[in-house]
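Numbering (my numbering), first residue to last: 2 to 132.
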């Protein structure tokens, strides 16, 4: 059960929705997330009342086409699967929206079963198989 937040700068609703699809499709393809397991917060900043900041850290030239993708999920994926996820997100973001792969910034945050409540004030994953 990943929780995804995507922040863009003046992307518009169609591009933002397509980025959400790209991330979800990559999660399904690379790490086996169930197709109906979609929890996303999609935010488009206008550049005036809210904006995004970035530089050319590690020699990657970013511009206003940047998409920050923050994914929180339960721990347990190998570095190879994470690399495959990053690559697939960049590929699909480019295919679905034209977003340059250099502008796809992804961060994963991992946690455990007790760190999730999917409603009803309960930690549903405690004692449940990994999803």
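Beta carbons are placed, not taken as given, at the ideal position from N, Cα and C, and that holds for glycine.
query, result
"Touch test, the region 117 to 127 against the region 77 to 88, Cβ-Cβ under 8 angstroms, three pairs minimum", "no"
"Continuous alpha helix (DSSP H) assignments of at least 4 residues falling wholly in the region 24 to 102", "80 to 98"
"With 16 other Cβ atoms within 10 Å as the buried cut-off, status of residue 107", "buried"
"Same chain, Cβ closer than 6 angstroms to residue 116, five either side skipped, listed in chain order", "none"
"Residue 25 classed as buried or exposed, judged by whether at least 16 other C-beta atoms fall within 10 angstroms", "buried"
"contact_flag[the region 63 to 80, the region 91 to 109] where n(CB pairs < 8 angstroms) is 3 or more", "yes"
"Identity of the residue in 3, 95, 91 nearest residue 39 by Cα", "3"
"Residue 57 vs residue 11 beta-carbon contact at 8 angstroms", "no"
"Residue 7 beta carbon less than 8 angstroms from that of residue 21", "yes"
"Neighbourhood of residue 61 by C-beta, 8 angstroms cutoff - its chain only, sequence neighbours within 5 removed", "103"
"Outcome for residue 16 when other beta-carbon atoms lying within 10 angstroms are tallied against a minimum of 16", "buried"
"Rounded C-alpha distance that separates residue 54 from residue 125", "36 angstroms"
"Cβ neighbours of residue 114 in the same chain (closer than 6 angstroms, five flanking residues each side left out)", "126, 127"
"Run of the beta strand (DSSP E) containing residue 116, from where it starts to where it stops", "Taken as a continuous stretch (DSSP letters only), residue 116 belongs to no beta strand (DSSP E), as it is neither H nor E."
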